[in-house]
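Residue numbers (this note's numbering): 4 to 471.
A short worksheet on the structure shown next.
Laid out in structure tokens, this is it:
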């Protein structure tokens with residue numbers, strides 16, 4: 004970073020955030036109070052219009068961007084001529100609340116307990132992108148404008164896998180000719196340090212269903228006579244992954260793009276202690292894997308997971324029944340070099356070859372995403388985190404989860420960085436989802452600092468004194 008962030012401006016931002024904690028908490032509470040469950044089409048249109056209006060009131064040219072499903076919100080405010088253009092991605096839809104009885108307070112009646120705001124959507128993702136929105140408002144108030152051009156893209160279908168985001172953004176790609184995409188989603192490191200994430204694994208979710216007889220049968224009368232669809236799926240699943248943990252679907256592993264030296268060095272620096280990990284998750288041993296390290300397992304290799312295997316009697320005691328149907332639900336996590344559509348074709352070919360009677364159903368996919376770690380935009384973002392927190396963020400080459408960052412990196416050709424603001428125990432997708440309010444307020448400060456740092460870096464580069 005060649006030019007420091009104005010310390011007086013940072014101090015003024017800190018002061019205003021401290022003075023307005025209750026005001027900002029009330030805004031977050033109002034936002035979370037609005038259900039926006041995309042899977043149930045509950046309140047999504049109303050919430051999209053609400054956050055569009057919030058951005059419009061903040062001086063953005065904001066509108067709802069139609070898709071084949073729920074709309075996205077597209078909002079832009081220009082900075083000085085020639086300044087960097089930053090796209091901030093988030094999503095205003097949320098997961099279903101699930102069983103209200105498992106919540107300590109109603110999921111859409113947000114409540115503060117122990118310094119955290121509890122409610123569905125607090126961390127995932129309303130609080131995190133609202134921190135960015137408030138940061139832009141503060142900068143306009145303090146300086147009269149934004150230091151760089153900012154475009155918000157707020158997705159209404161992220162919790163569905165963002166199935167319609169790519170065509171919607173390709174239709175307006177001229178408005179998204181940006182220097183950097185910044186995403187704040189998910190939790191920080193368990194130690195409380197911020198993470199700067201350069202890539203995400205993709206995901207391919209599918210189910211396989213098999214049928215035997217026309218109805219359930221007595222296992223003594225018809226065992227080894229009628230086909231057992233559970234055994235059909237068990238053998239098929241065994242053909243897809245061996246006992247060493249290697250995926251054995253032809254062609255899947257060959258698509259993997261190897262990591263570069265910088266990525267491997269960063270991965271090695273983050274290597275956790277296996278005993279600590281096992282103690283944390285309460286497991287007796289690690290799963291079999293051909294990978295030498297835990298980092299390789301979570302960042303560099305694809306995984307195949309059986310999410311559920313169902314069929315036949317599921318009561319408390321043994322019932323000697325031969326089931327007539329069975330279903331296996333699975334997901335493949337994909338890494339750089341793999342394409343979800345290509346991997347899906349390989350899965351189809353494998354099933355046709357090994358169990359041609361099994362029916363396959365695809366339930367959604369996201370491609371993997373990776374931004375090179377030598378991107379020039381990483382340094383100013385990291386500088387901003389240091390300026391606010393006093394600590395260097397952890398540089399993570401690939402995170403294990405999935406987000407639609409691939410739409411920006413693969414389809415639009417833009418670098419994208421993930422900078423989560425959520426606390427590690429945010430319980431996203433679970434009952435009692437929460438956002439630590441310290442993280443929320445600090446996210447506002449960091450967002451403002453990031454925009455200032457990117458603008459400063461842009462000035463250095465335009466002057467010809469920065470690294471080309």
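Each residue gets a CB set at the ideal place from its N, CA and C atoms; glycine is no exception.
Check: Classify residue 187 as helix, strand or coil using the three-state DSSP reduction.; Outcome: coil
Check: Taking the alpha carbon of residue 309 as the point to measure from, which residue in 343, 263, 211 has its own alpha carbon closest?; Outcome: 211
Check: Please go through the same chain and pick out, in chain order, the residues whose beta-carbon is closer than 6 Å to the beta-carbon of residue 4, but skip the five residues on each side of it.; Outcome: Low local confidence applies: a pLDDT of 49 at residue 4 is under 50, so the model's placement there is unreliable, with the coordinate-based value given in what follows. Only 382, 383, 386 meet the Cβ criterion.
Check: From the DSSP secondary-structure annotation, give me the bridge partner or partners of residue 153.; Outcome: 80, 89
Check: Just mark residue 547 as buried or exposed, buried being the case when its beta carbon has 16 or more other beta carbons within 10 Å.; Outcome: Only positions 4 to 471 of the chain appear in the structure, and residue 547 is not among them; the question remains open.
Check: Once the 5 residues before and after residue 118 are set aside, which same chain residues still bring their CB inside 6 Å of it?; Outcome: 440
Check: Kindly provide the ranges of any beta strand (DSSP E) runs that are 3 or more residues long and lie completely inside the stretch 250–311, ordered along the chain.; Outcome: none
Check: Would the stretch 190–210 and the stretch 361–373 be scored as touching if the rule is three or more Cβ pairs under 8 Å?; Outcome: yes
Check: Three or more C-beta pairs under 8 Å: does that hold for the stretch 323–339 against the stretch 148–166?; Outcome: no
Check: Compute the Euclidean distance between the alpha carbons of residue 73 and residue 41, then round it to the nearest angstrom.; Outcome: 8 Å
Check: Which of the three DSSP states, helix, strand or coil, is assigned to residue 68?; Outcome: strand
Check: Helix, strand or coil, according to DSSP, for residue 100 in the structure here?; Outcome: coil
Check: Between the C-alpha atoms of residue 39 and residue 93, what's the straight-line distance to the nearest angstrom?; Outcome: 14 Å
Check: Sorry if obvious, but does the Cβ on residue 411 come closer than 7 Å to a heavy atom of the ligand FMN?; Outcome: Among the components modelled here there is no ligand, and therefore nothing to report on the ligand FMN.
Check: Alpha carbon to alpha carbon, what distance is there between residue 291 and residue 328?; Outcome: 30 Å
Check: Going by DSSP in three states, residue 107 sits in which element: helix, strand or coil?; Outcome: coil
Check: Whose CA, out of 98, 285, 346, lies closest to the CA of residue 259?; Outcome: 346
Check: Under a three-way DSSP split, which group does residue 130 fall into?; Outcome: helix
Check: Look up residue 197 in the DSSP assignment and say whether it is helix, strand or coil.; Outcome: coil
Check: With a 10 Å radius around its C-beta and 16 neighbouring C-beta atoms as the bar for buried, classify residue 25 as buried or exposed.; Outcome: exposed
Check: Pick from 61, 81, 325, 102: whose alpha carbon is nearest that of residue 224?; Outcome: 325
Check: I need the straight-line Cα distance from residue 316 to residue 222, nearest angstrom please.; Outcome: 12 Å
Check: Could you pull the start and end residues of the alpha helix (DSSP H) that residue 352 belongs to?; Outcome: 343–357
Check: Under DSSP, the beta strand (DSSP E) around residue 114 begins and ends at which residues?; Outcome: 114–116
Check: Taking the alpha-carbon of residue 323 as reference, which of 449, 106, 226 has the nearest alpha-carbon?; Outcome: 226
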